[in-house]
Amino acid sequence: MTKSVLRPYRTAPVGRIDAQTQAFHTKLAISLALVSVALLAVLSLVYGPGNVSTSTAVGSHNWYTARVLQQNTDDATPTDYTSYSCHYIFDVTTEPGADRCQFARECNLGDGLWAPFVFCGSASSFSATTWTAILSPFLLFWMVLLFRMLGSTAEEFFSPALEMFSFKLGLPPRFAGVSLLALGNGAADVSATVAAITTDPVNGYQLSLGALTGAAMVIGSVVSALVVLVAGGVPCRGALVRDVAALLVAIAVVWYRLASGTMGPDSITIFLTLYFVFVVLVLAADVYHRAVVLPRRSRQADDRERERELAERRRVEADGSAVPGANPAVGPSLSSNTPSHGLDQFLTALSNYDNDPRTTGWGVESEDLADDRPVRLHGSQGILHGHAPTPERLDSTTEGGIAHHYNMLEDAVDRTCVEDGSPGFSASNWSGALQDGYSELRKHAEQTWEDIVYNADVGLVSKILLIAEFPFTVLRKATVAIPCEGYYVRALVALSLALSPVWLAFYMYRSHDTNVLGTAFGIFWGIMVLAALLVLRYAPGGQGNMALSVATPIALYGFVVGATWIDTIADMLVSLLDFIGIVLRIPGPIVGLTILAWGNSMGDLSANVTMARKGLANMAMTACFAGPFFNILMGLGLGFGRLAAQTGQSEFQVSLSPSVVTGFLFIVLNSVTIIATGLFFGEIGTIPKNYGYIALTLYTVYLVTSISLQYSKYGQEKEV
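Read in order, the letters of the sequence shown are residues 1 to 720 in full-length UniProt numbering.
Rendered as structure tokens:
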């Protein structure tokens with residue numbers, strides 16, 4: 001079978017830029033930007049002006065655009081365009097001029113288009129298309145930078161906290177992946193789904209379903225295909241089968257409830273319960289494996305060793321010497337005859353491990369990644385950082401055998417953020433704390449800048465992008481608290497605690513049109529400034545690490561702030577892609593099915609492909625299906641739940657459009673295909689590299705089918 005291999009161990013100073021990682025992010029960002037541009041160009045040629053009737057395009061805009069708005073054209077004044085979706089700009093304002101300029105600034109409830117000034121020319125000046133062509137170099141560069149920042153934000157400012165939570169909670173890494181990691185990666189998608197449903201009760205759920213099914217197909221087919229291609233094949237065992245089957249069940253349940261025509265409290269309860277049951281099932285399987293299976297197999301190994309020694313002693317006594325080539329074990333092993341109960345087999349299959357040396361199953365082999373030791377993804381020793389020790393080096397630095405694995409589980413978080421005999425020490429007084437803080441900030445800023453500009457290992461293109469990204473790097477470092485090993489800088493933690501409330505206030509106003517400035521915000525900001533001063537005064541400096549009791553709540557807070565950064569960058573990318581689609585006059589439904597679904601899935605693609613490249617293809621494949629499972633159930637459940645609370649209604653009328661049904665069908669087909677490929681074709685228990693091309697082909701067929709339905713007679717009748 002295909003096995004993932006960890007990268008060779010190499011050392012590097014903490015915080016130093018890794019050239020290989022930067023090159024990967026740069027190549028991936030450029031590739032994604034070029035693919036997006038090529039897709040936009042093709043769609044513009046096929047569905048641009050003259051190729052699609054205006055009535056058809058307008059009729060389909062209402063639920064696939066970036067925002068779904070009720071079209072109150074009868075009540076709106078001639079000069080008020082806030083109630084219109086921005087995709088109507090060429091339909092409502094047929095001629096260039098002041099009206100089109102105003103529309104570009106006011107559409108989407110006042111948010112307007114990404115660059116409204118390109119629509120403000122007169123008939124005799126540059127058109128929006130001409131302006132976009134002139135700005136195309138900048139637009140392409142900005143697109144590449146946004147794609148790159150999505151990956152760097154997830155890796156450097158978001159995942160460290162998730163890693164710490166998995167150790168703190170004592171959770172296996174893969175369980176953290178289907179719970180905390182799913183929460184992190186899907187928070188923005190769930191938030192967008194809830195907002196769409198509550199903003200437009202009539203059509204919002206259609207937007208949500210279109211976005212969710214589109215993203216599920218991108219992640220489940222395109223991203224999984226890239227993971228398989230990068231890894232050269234991945235195992236198809238218990239964890240993957242479990243998560244793919246869970247997604248199948250979720251799609252079946254959602255499909256059935258929507259087909260019933262009503263969405264009520266029972267449906268909401270089913271959606272939310274189904275996700276939590278899945279999480280509990282995964283947790284139970286992993287806890288059972290660690291608490292029952294591992295000790296039992298340790299005893300079985302001891303029994304086999306004693307049997308071997310006893311058989312050897314008897315053989316020596318009988319023959320006077322050992323028989324060359326004889327089997328050292330005489331008779332059946334007591335442990336090998338131990339019956340496996342159905343519950344044991346069931347929970348072991350659902351867990352992520354298969355450490356029984358006598359059997360083969362769907363668990364991950366224990367020799368490398370699933371050796372029941374916590375897997376560190378990030379930080380100076382994280383395998384995604386490129387500096388990770390191989391399993392051999394890990395073993396060479398530890399003592400003991402089976403018992404040591406349990407010690408590692410017990411003190412994993414201490415080794416993550418607290419070192420025994422840490423050389424760091426706190427400041428002796430407040431004056432010294434302020435001086436040390438200033439010195440640490442200046443030193444860190446200089447080191448970061450010099451490592452970007454003067455690092456000979458970093459390629460020219462990566463260096464240019466890093467320099468362009470530097471202002472955003474400074475802002476992220478100044479607002480996202482990261483107290484974990486490999487990232488910890490005392491002054492940065494203090495500064496981020498003090499400035500993060502300002503960022504959160506800006507985020508709430510920009511993304512949710514909510515002004516949080518007031519007495520409560522002032523109190524919150526004061527508390528955070530006080531916390532920052534205490535960190536600066538009492539936290540260890542230098543190479544030291546914060547105490548766990550202090551680092552944990554700070555990491556949790558940083559996790560929340562990091563999620564807002566990912567949401568903001570993703571929203572900026574989607575706004576840019578949507579703007580280009582509008583300028584090229586690509587119909588809204590097509591933009592939603594292709595470009596927006598593509599852009600909304602970029603965070604998942606970057607993270608999962610990175611894990612596959614670093615030897616965690618099995619975890620990456622799990623994330624490709626556990627993520628959509630979380631997004632669909634939690635997004636719809638929380639969205640309709642919040643809508644019920646706002647309106648006081650207990651039930652809502654719903655329907656299934658042909659495009660959504662197509663999405664459901666292809667998600668099911670993709671899930672069945674990947675399970676069948678891994679379990680019944682080729683090398684049993686392995687998804688071969690060639691499957692990547694099959695998945696990409698399946699996604700292409702899905703796109704063609706969905707787009708065709710948008711303009712079929714049946715689709716128009718259902719969606720207008």
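All C-beta atoms in this analysis are idealised placements derived from N, C-alpha and C, irrespective of residue type, glycine included. Computed from a predicted model, the values in this text were never measured in an experiment.
| Item | Value |
| --- | --- |
| Three or more C-beta pairs closer than 8 Å, one from the segment 489–496 and one from the segment 449–465: is that the case here? | no |
| How long is the line joining the alpha carbons of residue 456 and residue 690, rounded to whole angstroms? | 37 Å |
| Hey, out of 34, 150, 500 and 536, whose CA is closest to residue 429's CA? | 536 |
| I'd like the span of the alpha helix (DSSP H) that includes residue 688, first residue to last. | It is not in any alpha helix (DSSP H) - residue 688 carries neither H nor E in the DSSP assignment. |
| Confirm, please, whether the CB-CB distance from residue 221 to residue 693 is below 7 Å. | no |
| Helix, strand or coil: how does DSSP classify residue 141 here? | helix |
| Need the endpoints of the alpha helix (DSSP H) that residue 101 sits in, please. | 98–106 |
| Out of 530, 216 and 190, which has the shortest C-alpha to C-alpha gap to residue 598? | 216 |
| When DSSP builds the beta bridges, which residues end up paired with residue 652? | 263 |
| From which residue to which residue does the alpha helix (DSSP H) around residue 25 run? | 19–47 |
| Suppose the cutoff is 6 Å on Cβ atoms and the five residues either side in sequence are ignored; what does the same chain contact list for residue 706 look like? | 593, 659 and 662 |
| Would you identify the three-state DSSP class for residue 516, choosing helix, strand or coil? | coil |
| By a C-beta neighbour count over all protein chains shown, 10 Å radius and 16 as the cutoff for buried, is residue 646 buried or exposed? | exposed |
| Buried or exposed: residue 438, going by 16 or more other Cβ atoms within 10 Å of its Cβ? | exposed |
| Using a Cβ-Cβ cutoff of less than 6 Å, which residues in the same chain neighbour residue 495 once the five nearest sequence positions on both sides are dropped? | 478 |
| Taking only the alpha-carbon atoms, compute the straight-line gap between residue 550 and residue 569 and give it to the nearest angstrom. | 29 Å |
| Please state whether DSSP places residue 474 in a helix, a strand or coil. | helix |
| Buried or exposed for residue 509, going by 16 or more other Cβ atoms inside 10 Å? | exposed |
| Taking the Cβ atom as the reference point for each residue, do residue 631 and residue 258 lie within a distance shorter than 7 Å? | no |
| What are the residues that DSSP puts in a beta bridge with residue 234? | 687 |
| Classify residue 515 as buried or exposed, calling it buried when 16 or more other Cβ atoms lie within 10 Å of its own Cβ. | exposed |
| My parser needs the alpha helix (DSSP H) runs of 4 or more residues fully inside the segment 554–605; what are they? | 588–591 and 597–600 |
| Going by Cα to Cα distance, which pick from 558, 683 and 702 is closest to residue 157? | 558 |
| Of the residues 111, 132, 116 and 206, which one's Cα is nearest the Cα of residue 635? | 206 |
| Are at least three pairs of beta-carbons, each pair with one atom in the segment 90–99 and one in the segment 118–131, less than 8 Å apart? | yes |
| Using the Cβ count rule (16 or more neighbours within 10 Å means buried), how would you classify residue 357? | At residue 357, the pLDDT of 42 sits below 50, so the modelled position is not reliable and the matter cannot be decided from this model. |
| Are the segment 531–546 and the segment 110–119 touching by the rule of at least three beta carbon pairs closer than 8 Å? | no |
| Which stretch, first to last residue, makes up the alpha helix (DSSP H) that contains residue 673? | 658–680 |
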